[in-house]
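Each residue of the first sequence is one higher than the last, beginning at 88 in the numbering used here. Ideal placement from N, C-alpha and C gives every residue a C-beta, glycine not left out. Have a look at the structure below before the remarks.
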Amino acid sequence: MIEDARVLQAEWVPREVEHRNPELNALSNALEPITDGEPAETALLVGPSGVGKTCCAQFTLERLREAVLDIEYQRVNCWQDYSRFRTLYRILDGIGETLDIHRQSTAHDELLERLRDYDGPPYVVVLDEVDQLEDTRVLYDLYSIDGLSMILIANREEDLFGRLDDRVVSRLQSARRVRFEKYGLEQIVSILEARVRWGLEEGAIERPELERIADTAAGDARVAIGILRAAAREAERREVPRITDDILDIAIPRAQANITESTVEKLNEHQQILYNILAEEEELRPPALYEAYRDRIDEPRTNRTVRNYLQKMAHYNLIRAEGKGRARTYLIDG
DNA sequence: GGTCCACAGGAAAGATAGGGTC
DNA sequence: GACCCTATCTTTCCTGTGGACC
88 MIEDARVLQA EWVPREVEHR NPELNALSNA LEPITDGEPA ETALLVGPSG
138 VGKTCCAQFT LERLREAVLD IEYQRVNCWQ DYSRFRTLYR ILDGIGETLD
188 IHRQSTAHDE LLERLRDYDG PPYVVVLDEV DQLEDTRVLY DLYSIDGLSM
238 ILIANREEDL FGRLDDRVVS RLQSARRVRF EKYGLEQIVS ILEARVRWGL
288 EEGAIERPEL ERIADTAAGD ARVAIGILRA AAREAERREV PRITDDILDI
338 AIPRAQANIT ESTVEKLNEH QQILYNILAE EEELRPPALY EAYRDRIDEP
388 RTNRTVRNYL QKMAHYNLIR AEGKGRARTY LIDG
């Protein structure tokens, strides 16, 4: 059934990106100065999850690398590398300058100094989920480095701009904006068809099943590819040659559960307890949630820290906070 | 409309942990 | 091994907001 499992990963960059020509052209234009030895325009890619923002950025940089040859780029997932130090560290890692840097013993000033000293080929930094940065001063840091080009990726422009220093806002106003809309059903089907062509045996899935996956994914290609992957694995497990409707009945909830499970695994012990309480109780008001949490752990964190945990979990879309003030309740998302 | 109170979340200080230096 | 420096995490203190009650 599966001929090339890499193709079924959402991160895989295809040979051709479908349905994103205007966006690719806009991004290529922003990066074009690099071919003349100049820094690129800062590009700001905005749109909901699973619409191909990261894929387009990587695809364009790969094409640019083929054209210019000598170019470096590094993607930073600001969701994981959210602090100023971690972001700078990841960027330095892209040019192999972190060998002698050790966590917590090197000031971020030194990291910045090293970036300023960099005199290699043109360097493009992709800040993915840039709206998740906890310390946005790092954007000002990066603007202060000559020759460094940036592609910023965010879900919502207003979430990003609302938290930025005025100096960064004024610079970002002139950035090249590229907006990504959700894919339509036909577009998702054709993206899936391409993945099937490259990654599965011929005849592994027919159009009605692809349409069902696309319909479930509601415009999110990442979700659609996840369902296709889960379905292909289930078909392999059953040793059947084709993905059928009854396999999708299993694969669709499983793909959704896989996303939740992998996110819950990233939580610390305290956050997992909070998640489990909400999974059992379905909905709780803040005092009841905190009391239940205190009952289950020997050395509980303070209420304020728990609020930070809950905020983080809501960002992960694991839980939902409904109502304001006294009407606030927490519940499992989805 | 005014007051009270629970709650969220920002800011700053404190605690902790890892690595460097002597 | 003691001390210093640093990033990160946690706590404390505080303010703003909005629903409940009169």
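Start and end residues, alpha helix (DSSP H) containing residue i
i    : result
L198 : H195 to D204
T141 : K140 to V155
L356 : According to the sequence as given, residue 356 is Glu; it is not Leu. It spans E356 to E368 - the alpha helix (DSSP H) in which E356 sits, taken as one unbroken run.
Y417 : Where Y417 is concerned, there is no enclosing alpha helix (DSSP H), although the beta strand (DSSP E) it sits in stretches over T416 to I419.
Q398 : N390 to H402
P101 : P101 -> no alpha helix (DSSP H), and no H or E assigned at all.
S115 : N108 to L118
D246 : E244 to F248
V225 : R224 to Y230
First and last residue of the uninterrupted beta strand (DSSP E) at residue i
i    : result
I275 : Run containing I275: none in the beta strand (DSSP E); it sits in the alpha helix (DSSP H), L272 to G286.
V213 : Y210 to D215
I238 : L235 to A241
A408 : I406 to E409
Opposing strand residues paired with residue i [DSSP bridges]
i    : result
R264 : L131
I178 : Note: I178 sits in no beta bridge, so no partner.
R162 : V213
L371 : Y417
I89  : L287
Inter-residue CB distance, residue i and residue j (contact presumed, cutoff 8 Å)
i    : j    : result
C165 : V217 : 5 Å
A241 : M88  : Not a contact, Cβ separation roughly 37 Å.
G139 : V104 : 7 Å
D222 : S170 : 6 Å
T129 : M237 : 5 Å
D420 : L405 : 6 Å
D252 : Y227 : 6 Å
P126 : L235 : 7 Å
L202 : L179 : 6 Å
A317 : N345 : 7 Å
H106 : Q274 : 5 Å
L220 : H195 : The Cβ separation is near 14 Å, so there is no contact.
Can you give, in chain order, each stretch of the alpha helix (DSSP H) that sits fully within the segment 301 to 337 and has at least 4 residues? 308 to 325
So does the segment 203 to 211 actually touch the segment 152 to 164, counting three or more Cβ pairs closer than 8 Å? Touching, yes, given that three or more Cβ pairs across the two stretches are closer than 8 Å.
Can you confirm whether the segment 105 to 113 touches the segment 248 to 262 when touching is taken to mean that 3 or more C-beta pairs between the two stretches lie within less than 8 Å? no
Pairing CB atoms from the segment 92 to 106 with CB atoms from the segment 285 to 298, are three or more of them under 8 Å? With contact defined as three or more Cβ pairs closer than 8 Å, the segment 92 to 106 and the segment 285 to 298 are in contact.
Decide yes or no for the touch test of the segment 355 to 367 against the segment 395 to 406: beta carbon pairs closer than 8 Å, at least 3 of them. Short answer: they touch.
Does the segment 120 to 130 come within contact of the segment 160 to 178, defined as at least 3 CB pairs closer than 8 Å? no
Between the segment 304 to 311 and the segment 262 to 275, are three or more C-beta pairs nearer than 8 Å? yes
With three or more beta-carbon pairs closer than 8 Å as the criterion, would you say the segment 246 to 253 touches the segment 276 to 283? no
Three or more C-beta pairs under 8 Å: does that hold for the segment 406 to 419 against the segment 363 to 376? The count of Cβ pairs closer than 8 Å, one atom from the segment 406 to 419 and one from the segment 363 to 376, reaches three, so the stretches are in contact.
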